[in-house]
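Structure first, then comments.
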Amino acid sequence: MSNLRKNDICDKLIRPAMEKAGWSSMDQIYRAYPLRPGQVTVCGNEARRDSSTELRADFVLFYKANIPLAVVQASQHMAGEGLLPAIDCARLLDAPFCFAGNGDGLVLRDATRADAVPERQLTLDEFPSPAELWDRYCAARGWSPQVCQVAASDYAPGKTLRYYQLKAINRTVEAIANGQNRALLVMAAGTGKTCTAFQIIWRLWKSDSRKRILFLADSNTLINQAMVNDFRPFKSAMIKLSFDTKGVERADAPGERKWGDRKTAKEVDKSYEIYLASCRIVTGTGEKHNDIYKQFRPDFFDLIVVDECHHGSAAEDSVWREILDYFASATQIGFSSTAVDSDYFGAPIYSYSFRQGIKDGYLAPYKIIRVDLERDTLTGHTMANLTDPYGLLIENYASSVLLHKPVPEQRDLAAAARITEYLQATDRYAKTIVFCENTDHAARMRQALTQANADLCATEPGYVVQIAGDNADGKHELENFINPEKTFPVIITSSKLTSTGIDAATCKLIVIDRNIPSMAQFEQIIGWGSRLHEDLGKSWFTIIDFRRATELFADKDLDGGPVQVYEPKAGEPMEPSAALIDPLELPDQTPPGDTPEAPAGQWCAENLRGDIRSKLLKRFDSLAQFLQTWQQAERKTTLLQELQAYGIPLNALAAQVVAADTGLQNLDPFDLLLHVAYDQPTLTRRERAARVKKRKPFSSYGPMARKVLQALLDKYADEGITTIESSEVFRIQPFTNLGSPVELVRSFGGRPQYQAALQTLVREIYRAG
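Residues in the sequence shown are numbered from -10 upward in steps of one, following my numbering.
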């Protein structure tokens, strides 16, 4: 058992042993390897990562880049103490070996069971080499040398891959190398399916396992994104099928596409190795374009990768199925963002859900605002005056046929007003997509939103645009919409994008104003907002639901559920105030496992107080330990920052406590935490300050020092502990009236004496009794 710190054990004892065994620190040994960045928690309008859900492995050992073999965890105590954490990390990576050590020895767990002994004790000098572990792994899998060669093929250099992407890529490459001819991967929208597909194709192509490859996607936009981003390393080996009169397209420069030299679209150049095409191009949209795929021999491609295969590509009666059947000899890999029942592809090789992505911290959580336009906006006095375009009064109204009546414009105006109200209360430039019922509805919504945002549209007509499948200008605007560096368009309306997974990292608001026919399409819609972009202020996204689709397709097994649900009535604000009703104070009559219905005008928030209580009780063993930690903290501000990082949002917690009991305003964070976690009675900051004044603890100080301490106490009562602990406190009122910062510090005899006096004041503030 070592007396060294854990970091020293890792760096001074375990790492040298691994290097001595032949592991390279340059590209095989990864220290503090990140697996989960930590779930994003949202409370009100605040978001932060929950550090308690962050996960790193002390070491991950790779046979080659992105091919993990082992996880190593260190401990200051028994050698095997880190084995369970190592196993958890190894499962995420599909790493077959785990090591746990304390600097004196190691425990090896071999998941391959190659020698029928799952765990063995080792000395540091017995640490196995990379070749030894790789050979043991290949032998346990029963792989031939040819399979081993493909399974060890190089990744394309580039972006750092996440653990689930590595898992999906390695499993798929290994399965295909081992003879599997059909494969399915289920990965939630926003998790990097295109990047995953590229690496699978690259490794099979570079290993000469597959040489002619067809990548099929649902839309032309997805193909364009792939060409200039993830698939760009293919360079001149890659071509995109295009029916423009100038022929096929190549990616010749970053972010640019260039036409090929073919003179007619019917002549497909068969000299390339990587072909990309959209569904429309391959299946054809007109007589002269039909059966383009038949220009290739049935055995031309030996690998076909289908993005978003749940859209019917594998259905027996689909046109895409004709293509898959035509190239039946090719290995075929399907990607889907939703679970599919596919007899064609078989059971998924790997699945990564939206819920897991949120839990890991790779996907954005979401809020829901449900607005019943039919009940709240188009009833009562509004409904009584609803007229058609000819000014005739409407007597009978049904929401299910509203969009087919000759008077949908007034409903569009009502929806546009609600959307605009939300944007005005939050961010007028938050990227927003409105999903509409059809092309006419999308055009009307564009006009209604333009009218509702006339102040901005007057100077920037591109603030609101419509994107239609057959509208070339709209396709160009879609590229601008998904570009983080482009401000406009801010709002797009469309009926054509519900089945398309676009990388729209900055989309913060999704509006559903159409009937959603399936869970698959609902998941695709959510995918528009699921990508995190924290450096641009996107930590969550919001869904405004005019059709109750979020209620119809609610499935916590899919996504864990929204963090908040709000159902404003007519006349209530679209963005609720900070004073929220605490769900713990509402009567709970919901059967276990069901989602409680949101009381109108209130957030049904996650169990914030219960979550914080459990975290505090986990962080501190007892009330006594919490009190001791608080009293011993030299700066309370530092301790509060640590608690915030631990996942305790104090501002949001204070808002809910005040909403439940208005008598609990102006609580010190100390009292707030005591009340929530330990059910202790509370004191306001003013009450604490009044107690200090009664005790008169400043009598030993000089006149100016007493004035300073009195002012600090008053400032505490008004603003709290962080203000008086700040080094800038003497630069604000009322201290600037008393003298310069230097003069005020000198009134105590110097900075050490001032710091001692401040500590005395803080102790008095939190003194019991």
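Just so you know, even glycine gets a beta-carbon here, dropped at the ideal spot from N, CA and C.
Asked	Found
Any 3 or more C-beta pairs closer than 8 angstroms across the stretch 747 to 757 and the stretch 684 to 701	yes
N- and C-terminal bounds of the alpha helix (DSSP H) containing G346	F343 to D349
Option nearest A54 by Cα separation, candidates T101, N(-4) and R151	R151
Inter-residue Cα distance where the pair is L58 and M15	16 angstroms
Pair within 8 angstroms by beta-carbon distance, V423 and I480	yes
Selected residue, minimal CA-CA separation from A538, among K527, V500, L525 and H522	V500
Of the residues T183, C78, L122 and E115, the one placed nearest D99, counting alpha carbons only	L122
Stretch pair the stretch 61 to 68 + the stretch 32 to 40: three plus CB contacts closer than 8 angstroms	no
Residues near A373 by beta carbon distance below 7 angstroms, same chain, minus five either side	Confidence at A373 is low in this model, with a pLDDT of 46, below 50, so the placement of that residue should be treated as unreliable; the coordinate-derived value is given next. Excluding sequence neighbours, A373 sits near nothing in its chain.
Any non-hydrogen atom of the ligand NAD closer than 7 angstroms to K229 Cβ	Questions concerning the ligand NAD fall outside what the structure shown contains, since it holds no ligand whatsoever.
Assigned secondary structure, A641 (DSSP; H/G/I helix, E/B strand, else coil)	helix
Contact set for N655: own chain, Cβ-Cβ below 7 angstroms, skip 5 residues either direction	T673, R674 and R675
Contact the stretch 148 to 166 vs the stretch 205 to 214: 3+ CB pairs below 8 angstroms	no
Spatial distance of Q669 from Q699 (CA atoms)	28 angstroms
Residue interval of the alpha helix (DSSP H) (run including R677)	R674 to R684
Coil, strand or helix - T327 by DSSP	coil
Proximity to G550 [Cα-Cα], best of G168, V31 and G11	V31
Meets three-Cβ-pair contact criterion under 8 angstroms: the stretch 74 to 94 and the stretch 176 to 195	no
Distance between beta carbons of A166 and Y341, contact taken as under 8 angstroms	Incorrect: roughly 22 angstroms between the Cβ atoms, too far for contact.
Neighbour flag for Y152 against chain B, beta carbons, 8 angstroms	Going by chain labels, chain B is absent from the structure shown, which holds only one protein chain.
Length of the line joining the Cα atoms of D544 and T185	26 angstroms
Own chain, CB closer than 8 angstroms to V718, minus 5 neighbours either side, in chain order	L701, K704, T712 and F724
Enclosing beta strand (DSSP E) for Q110 [first to last residue]	E108 to L111
Length of the line joining the Cα atoms of R80 and A746	54 angstroms
Per DSSP, cross-strand counterpart(s) of H522	K527
E556 to A403 span [Cα, whole Å]	16 angstroms
Between the CA atoms of I56 and G147 - distance to the nearest angstrom	15 angstroms
8 angstroms Cβ shell around Y315 - same chain, five flanking residues per side excluded	Y282, K283 and P287
Run of the beta strand (DSSP E) containing K497, from where it starts to where it stops	C496 to D502
Beta carbon of R503 nearer than 8 angstroms to that of S484	yes
Backbone CA spacing between G739 and D(-3) [nearest angstrom]	40 angstroms
Exposure of I601, with buried meaning 16 or more beta-carbon neighbours within 10 Å	buried
Close Cβ partners of A405 (< 6 angstroms) along its chain, the five nearest in sequence each way excluded	A437, L438 and A441
DSSP three-state assignment for L173, whether helix, strand or coil	strand
D204 vs L265 beta-carbon contact at 8 angstroms	Sequence check: residue 204 is Phe here, not Asp. Yes.
Cβ distance (whole Å) where P473 is taken to contact V453 below 8 angstroms	Not really, about 19 angstroms apart at Cβ, beyond 8 angstroms.
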